[in-house]
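First up is the structure itself, then whatever we jot down about it.
2 protein chains.
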Amino acid sequence: MRGSATVTTSTQAPRRTRIQVEKRELILEAALEVFSTNGFRGSTIDQIAEAAGMSKPNLLYYFRRKEDIHETLMERLLETWLAPLRELDDIGDPMTELRSYIRRKLEMARDFPRESRLFANEILQGAPRIMPLLAGELKTLVDEKAAVIKGWMRAGKIARTDPWHLIFAIWATTQHYADFDVQVRAVLGPNRGGDGRFEDAARFLEQLFLDGLKPNG
Amino acid sequence: MRGSATVTTSTQAPRRTRIQVEKRELILEAALEVFSTNGFRGSTIDQIAEAAGMSKPNLLYYFRRKEDIHETLMERLLETWLAPLRELDDIGDPMTELRSYIRRKLEMARDFPRESRLFANEILQGAPRIMPLLAGELKTLVDEKAAVIKGWMRAGKIARTDPWHLIFAIWATTQHYADFDVQVRAVLGPNRGGDGRFEDAARFLEQLFLDGLKPNG
DNA sequence: CTAACGTTTGTCCAATCGGTCAAAATTTGC
DNA sequence: GCAAATTTTGACCGATTGGACAAACGTTAG
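Chains as they are written, first to last, in numbering that gives the first Met the number 0: chain A, 0 to 216; chain B, 0 to 216.
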């Protein structure tokens, strides 16, 4: 599982020239921008091609179908997206572990909002392309971490609650600052909606989760 | 403000026949279904027409442009969507008020998931059609309720935090169960992902928010 | 230099899109 | 029952879409 990180799902990784590697990267970057703001069906190959600075037929030389771009994007995304949860570890203080998980997820919402929105778009539409991954790899990972959290509860290190819904709550509150960024900024206004909003959010979330999880609060 | 509920934004409400009222309702219901799962650009008039059981030209007799359907839908949506927050009142126990707000929002996620997803879709794409409403009416409402919550904090009724981010957290956690429903069910699996998942979520959220907000926890 | 290979482009296509229009069918007011 | 108004339909249109394709262009190894 750990050694086969960069392997595509079904086929062997084809040999690629220098130009292919560079151009494919360029396309994926452009596609991330376009897909994350318009959704899959709302995005056109022309838009992506223009954002990547090349013609449509040229783009189609590197990715034969529009769906291939999206698929490649989603594969990469999931890997980095779940990394923080993977790092949630049994060693170390539970409270500290949870706090740093929340912080890391919030940092990802701040630094990779497009990735978050791309993912949100996919889920919103019923996850037609990644459903197997959700019910498979993702569920396995979450169940595993839920067991870790349950251990902490049994040991009296944190309050007893539902670990699955706790993970959902962390996902929801942190990703909210990427997915609903427009709304957040509009509601906070020009003053409080500036760059400091993520620090405010971090402070708030820490208080919400940790005080709420204190054993025998 | 209160008496002019069914008035469209700019024009006078046109006189409508019985058939027009019925068919428009039918179309809006079908459009909610289609838009909420495919997004605006991802949905076609044909899809909506078929879901409404009529031909495309017939649908266009009732709504002249695709955008008109979406606009009408969004206007209605916002009204009902913000109702729970409007009801958040200064009279009554703060903890009880917040708890019932959370419960009500979660019930809306359960009973009106399509409305939630339609809204999420719009925000995700940068809220091109409702931006003025966010920065205007919505911001005003949230600021108003944030002031109420701040009063509770000053009175020592709840812990001191950022009221705006508190409201965001409530939105995020509750709407998560509508917008990310596929993921929630996939992760919870067949057993825990059944109908009981909303009761589990309600229990968890109550514990998370109320314990986290207890004065001098 | 040149042949083989990799890259780029212009042109084209069928399908689908949002929307129009006139004519046919139906409902309504009297 | 009948004329006027409303509703429904089929045929059609221009624009856009994802994608194919062959020819032109560039690069590189021998």
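We treat Cβ as the ideally placed atom computed from N, Cα and C, and that holds for glycine.
The structure presented is a predicted model; accordingly, all values stated were derived computationally and were not measured.
Cβ-based neighbour list, residue i, same chain, cut-off 6 Å, excluding 5 preceding and 5 following
| i | result |
| --- | --- |
| L165/A | none |
| T8/A | Confidence at T8/A is low in this model, with a pLDDT of 40, below 50, so the placement of that residue should be treated as unreliable; the coordinate-derived value is given next. Contacts found: none. |
| R128/B | none |
| K197/A | According to the sequence provided, residue 197/A is Phe. The question's Lys does not apply to it. So the qualifying residues of the chain are R109. |
| N120/B | G38 |
| P93/B | W151, K156 and I157 |
| A29/B | I47, A50 and A51 |
| E136/B | none |
| E106/A | none |
| G91/B | none |
| K65/A | I44 |
| T95/B | none |
Start-to-end residues for the alpha helix (DSSP H) that takes in residue i
| i | result |
| --- | --- |
| M150/B | Note that residue 150/B is Gly in the sequence shown here, rather than Met. K138 to R153 is the span of the alpha helix (DSSP H), which, as asked, contains G150/B. |
| M53/A | No alpha helix (DSSP H) contains M53/A, which DSSP labels as neither H nor E. |
| D110/B | P93 to D110 |
| Q174/B | P162 to D178 |
| K22/A | R17 to N37 |
| R85/B | K65 to E86 |
| L204/A | R196 to E205 |
Sequence-distant residues of the same chain with beta carbon closer than 8 Å to residue i, five excluded per side
| i | result |
| --- | --- |
| H55/B | Before going on, a small fix: residue 55/B reads as Lys here, not His. I44, D45 and A48, listed in sequence order. |
| L27/B | I68, T71, L72 and R75 |
| G192/A | V183, R184, A185 and V186 |
| K149/A | P162 |
| D89/B | V147 and G150 |
| K104/A | P83, I169, W170, T173 and Q174 |
| Q19/A | Y61 |
| K144/A | L84, L87, P162 and I166 |
| G216/B | The predicted model places G216/B with a pLDDT of 41, which falls under 50 and marks its position as unreliable; any figure quoted below should be read in that light. These residues qualify, in order along the chain: A158 and D210. |
| Y100/B | P83, L84, E86, L87 and I169 |
Proximal residues to residue i (C-beta, below 7 Å), its chain only, five neighbours per side dropped
| i | result |
| --- | --- |
| L25/A | A51 |
| A108/A | S115, T173, Q174, Y176 and A177 |
| L58/A | I26, I44, I47, A48 and A51 |
| G2/B | Reliability fails at G2/B, whose pLDDT of 36 lies under 50, so the model's placement of it is uncertain and no value is given. |
| T139/A | none |
| V33/B | S42, Q46, I47 and A50 |
| A126/B | L133 |
| V141/B | W163 and I166 |
| E21/A | none |
Cβ separation of residue i and residue j, assumed to be a contact under 8 Å, to the nearest whole Å
| i | j | result |
| --- | --- | --- |
| R168/A | L207/B | The sequence as given places Ala at residue 168/A; Arg does not occur at that position. Yes, they are in contact, since the Cβ atoms of A168/A and L207/B sit about 6 Å apart, within 8 Å. |
| I228/B | Q182/A | Residue 228/B cannot be examined here, being either before or after the span of chain B that is shown, 0 to 216. |
| T160/A | F203/B | 6 Å |
| G41/B | G155/A | Incorrect: roughly 49 Å between the Cβ atoms, too far for contact. |
| S35/A | R113/A | 4 Å |
| Y61/A | R23/A | 5 Å |
| L31/A | L117/A | 7 Å |
| R98/B | L209/B | 6 Å |
Residue i CB to nearest heavy atom of the ligand SAH below 7 Å
| i | result |
| --- | --- |
| S99/A | As for the ligand SAH, it is missing from this structure, which has no ligand bound. |
Report task. Would you check if there are 3 or more beta carbon pairs closer than 8 Å linking the segment 77-89 of chain A to the segment 82-102 of chain B? Result -> Counting Cβ pairs under 8 Å, fewer than three are found: no touch.
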